[in-house]
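Enquirer: Take a look at the following structure, please.
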Amino acid sequence: NAGVTQTPKFRILKIGQSMTLQCTQDMNHNYMYWYRQDPGMGLKLIYYSVGAGITDKGEVPNGYNVSRSTTEDFPLRLELAAPSQTSVYFCASSPPDRGEAFFGQGTRLTVV
Amino acid sequence: QKEVEQDPGPLSVPEGAIVSLNCTYSNSAFQYFMWYRQYSRKGPELLMYTYSSGNKEDGRFTAQVDKSSKYISLFIRDSQPSDSATYLCAMRTFSGSARQLTFGSGTQLTVLP
Numbered sequence: 001n002a003g004v005t006q007t008p009k010f011r012i013l014k015i016g017q018s019m020t021l022q023c024t025q026d027m028n029h030n031y032m033y034w035y036r037q038d039p040g041m042g043l044k045l046i047y048y049s050v051g052a053g054i055t056d057k058g059e060v061p062n063g064y065n066v067s068r069s070t071t072e073d074f075p076l077r078l079e080l081a082a083p084s085q086t087s088v089y090f091c092a093s094s095p096p097d098r099g100e101a102f103f104g105q106g107t108r109l110t111v112v
Numbered sequence: 001q002k003e004v005e006q007d008p009g010p011l012s013v014p015e016g017a018i019v020s021l022n023c024t025y026s027n028s029a030f031q032y033f034m035w036y037r038q039y040s041r042k043g044p045e046l047l048m049y050t051y052s053s054g055n056k057e058d059g060r061f062t063a064q065v066d067k068s069s070k071y072i073s074l075f076i077r078d079s080q081p082s083d084s085a086t087y088l089c090a091m092r093t094f095s096g097s098a099r100q101l102t103f104g105s106g107t108q109l110t111v112l113p
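Protein chains in written order, with the numbering used here: chain A, 1 to 112; chain B, 1 to 113.
Shown next, in the form of structure tokens:
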């Protein structure tokens with residue numbers, strides 16, 4: 001019962017480097033999300049997708065890109081890493097006809 | 001004003017105590033209400049889910065929604081040290097707009113043995 005799987009769990013990047021955070025879900029959920037969580041700040045929505053081929057910006061999209069070529073996968077791309085992107089990133093998915101979202105275990109990213 | 005307000009705590013209680021966690025919201029379009037539990041360095045885990053006013057009980061946990069006051073609560077009875085975590089409220093509009101899944105900032109709870 002995998003649910004939502006994120007890789008890697010930890011990563012250290014240098015300023016200006018790029019990377020892709022991977023997210024895959026096996027629940028056949030249409031909706032997928034990327035959030036970042038900073039200490040004491042709750043969860044902020046970066047991007048979301050309502051289905052394959054459809055993505056839209058959330059509250060804090062600057063510096064990130066996403067794609068959704070399949071129902072299962074929703075990778076998050078950081079093109080030019082900045083220290084402000086140091087955070088914990090969570091991917092989540094939800095079925096379209098219900099409210100709850102299910103989260104992965106997170107990727108802890110540090111930009112130095 | 002934030003759409004969802006949650007007291008960040010921290011909240012510290014003795015084992016066996018009844019815990020009350022609360023959120024208020026301003027968007028009357030919210031219809032789904034959820035509580036998540038997040039252990040340190042882990043992802044949020046869905047704890048309770050409801051889409052109507054009233055109470056929903058699951059073991060030691062009771063979720064309460066008062067739409068007229070725009071107020072939701074989570075009660076934990078007979079609290080245990082294993083309940084020590086951050087609790088996040090979340091809510092969503094009935095329209096199913098993926099964007100409108102909004103979280104509170106979380107309340108950090110410690111249950112002392």
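Ideal Cβ placement from N, Cα and C applies to all residues, glycine included.
Keep in mind that this is a model prediction, so the values were computed, not measured.
Quick one: using the 10 Å Cβ neighbour count with 16 as the cut-off for buried, is threonine 107 of chain B buried or exposed?
Expert: Working through the second sequence from its first residue, we reach residue 107 of chain B at position 107. Label assigned to threonine 107 of chain B: buried.
Enquirer: Looking at C-beta atoms only, is the number of pairs between the region 47 to 66 of chain B and the region 28 to 38 of chain B that lie closer than 8 Å three or more?
Expert: With the cut-off at 8 Å, the region 47 to 66 of chain B and the region 28 to 38 of chain B touch.
Enquirer: Please say whether serine 93 of chain A and histidine 29 of chain A have beta carbons closer to each other than 8 Å?
Expert: As a first step, residue 29 of chain A is located in the first sequence; it is residue number 29 there, counting from the start. As a first step, residue 93 of chain A is located in the first sequence; it is residue number 93 there, counting from the start. Against a cut-off of 8 Å, the Cβ pair of serine 93 of chain A and histidine 29 of chain A comes out as a contact.
Enquirer: Could you list which residues in chain A have their beta carbon closer than 9 Å to that of leucine 109 of chain B, in chain order?
Expert: By 1-based counting over the second sequence, the position of residue 109 of chain B is 109. Under the 9 Å cutoff, chain A gives no residues; its nearest Cβ is about 15 Å from leucine 109 of chain B.
Enquirer: Residues of chain A with CB under 9 Å from tyrosine 49 of chain B, in chain order?
Expert: Mapped onto the second sequence, residue 49 of chain B falls at position 49. Near tyrosine 49 of chain B (Cβ distances below 9 Å), the residues of chain A are Arg98, Gly99 and Glu100.
Enquirer: Could you confirm whether any beta carbon from chain B is found closer than 8 Å to the beta carbon of leucine 43 of chain A?
Expert: Against the first sequence, residue 43 of chain A aligns to sequence position 43. Interface annotation, leucine 43 of chain A: in contact with chain B, CB-CB separation under 8 Å.
Enquirer: DSSP has asparagine 22 of chain B in a bridge; who is on the other side?
Expert: Start at 1 with the first residue of the second sequence, and residue 22 of chain B comes out as number 22. For asparagine 22 of chain B, which the question treats as bridged, DSSP gives the partners B:Ser73.
Enquirer: Can you list, in chain order, the residues of its chain with a C-beta nearer than 7 Å to that of threonine 93 of chain B? Leave out the 5 residues immediately preceding and following it.
Expert: Taking the second sequence and counting its residues from 1, the one referred to as residue 93 of chain B is at position 93. Same-chain partners within the cutoff: Ala29, Phe30, Gln31 and Gln100.
Enquirer: Start and end of the beta strand (DSSP E) containing glutamate 5 of chain B?
Expert: Residue 5 of chain B sits at position 5 when you count from the first residue of the second sequence. Counted as a single uninterrupted DSSP element, the beta strand (DSSP E) harbouring glutamate 5 of chain B occupies residues 4 to 6.
Enquirer: Should leucine 43 of chain A and tyrosine 35 of chain A be called a contact, given that it needs their Cβ atoms to be closer than 8 Å?
Expert: Residue 43 of chain A sits at position 43 when you count from the first residue of the first sequence. Residue 35 of chain A sits at position 35 when you count from the first residue of the first sequence. Taking 8 Å as the Cβ cut-off, leucine 43 of chain A and tyrosine 35 of chain A qualify as a contacting pair.
Enquirer: Using the Cα positions of tyrosine 33 of chain A and serine 12 of chain B, report the straight-line distance between them to the nearest angstrom.
Expert: Counting from one through the first sequence, the residue named residue 33 of chain A turns up at place 33. Counting from one through the second sequence, the residue named residue 12 of chain B turns up at place 12. Taking C-alpha positions only, tyrosine 33 of chain A is separated from serine 12 of chain B by approximately 32 Å.
Enquirer: Taking C-beta pairs closer than 9 Å, name the residues in chain A that tyrosine 32 of chain B reaches, listed in chain order.
Expert: Within the second sequence, the letter at position 32 stands for residue 32 of chain B. The contacting residues are Arg98, Gly99 and Glu100.
Enquirer: Please tell me whether proline 8 of chain B has its Cβ less than 8 Å away from any Cβ of chain A.
Expert: Translated into the one-based positions of the second sequence, residue 8 of chain B becomes position 8. Judged by the 8 Å Cβ criterion, proline 8 of chain B is in contact with chain A.
Enquirer: Excluding sequence positions up to five away, which residues of its chain have a Cβ less than 6 Å from the Cβ of phenylalanine 10 of chain A?
Expert: As a position in the first sequence, residue 10 of chain A is number 10, starting the count at 1. Scanning its chain for C-beta atoms nearer than 6 Å, with the 5 sequence neighbours on each side dropped, one finds around phenylalanine 10 of chain A the residues Arg108, in chain order.
Enquirer: Have a look at A:Arg77, A:Gln85 and A:Thr86 and flag the residue whose alpha-carbon is nearest the alpha-carbon of threonine 20 of chain A.
Expert: Locating residue 20 of chain A in the first sequence gives position 20, where the first residue counts as 1. Residue A:Arg77 is the option with its Cα nearest to threonine 20 of chain A.
Enquirer: When you compare the CB of glycine 63 of chain A with every CB in chain B, is at least one pair closer than 8 Å?
Expert: Counting from 1 along the first sequence, the entry for residue 63 of chain A is found at position 63. Cβ-Cβ to chain B under 8 Å: no for glycine 63 of chain A.
Enquirer: Is the CB of serine 105 of chain B under 8 Å away from at least one CB in chain A?
Expert: Counting from one through the second sequence, the residue named residue 105 of chain B turns up at place 105. By this cut-off, serine 105 of chain B is an interface position.
Enquirer: Short check: CB of aspartate 73 of chain A to CB of cysteine 23 of chain A, under 8 Å?
Expert: Here residue 73 of chain A corresponds to residue number 73 of the first sequence, with the count starting at 1. Here residue 23 of chain A corresponds to residue number 23 of the first sequence, with the count starting at 1. Yes. Within cutoff.
Enquirer: Just to confirm my understanding: we take proline 10 of chain B, look at its own chain, exclude 5 residues before and 5 after, and list those with CB closer than 7 Å. What are they?
Expert: Along the second sequence, read from residue 1 onward, the residue named residue 10 of chain B stands at position 10. Only Gln108 and Thr110 meet the Cβ criterion.
Enquirer: For the region 51 to 64 of chain B, enumerate the residues whose C-beta is nearer than 8 Å to any C-beta of chain A, in chain order.
Expert: Taking 8 Å as the Cβ-Cβ cut-off against chain A, the residues of the region 51 to 64 of chain B that qualify are Tyr51.
Enquirer: Flag this pair as touching only if the region 76 to 89 of chain B and the region 12 to 25 of chain B have three or more C-beta atom pairs under 8 Å; answer yes or no.
Expert: yes
Enquirer: If distances are taken between C-alpha atoms only, which option among B:Phe103, B:Cys89, B:Pro113 and B:Glu3 comes closest to valine 65 of chain B?
Expert: Locating residue 65 of chain B in the second sequence gives position 65, counting from the first residue. Among B:Phe103, B:Cys89, B:Pro113 and B:Glu3, the Cα nearest to that of valine 65 of chain B belongs to B:Cys89.
Enquirer: Evaluate glycine 104 of chain A with the Cβ neighbour count: other Cβ atoms within 10 Å of its Cβ, from every protein chain shown; 16 or more gives buried, anything less gives exposed.
Expert: To locate residue 104 of chain A, count along the first sequence from 1; it is residue 104. Buried: at least 16 other Cβ atoms inside 10 Å.
Enquirer: Would you kindly report the start and end of the unbroken beta strand (DSSP E) that includes serine 94 of chain A?
Expert: In the first sequence, the residue the question calls residue 94 of chain A occupies position 94. Per DSSP, serine 94 of chain A belongs to the beta strand (DSSP E) from 87 to 94.
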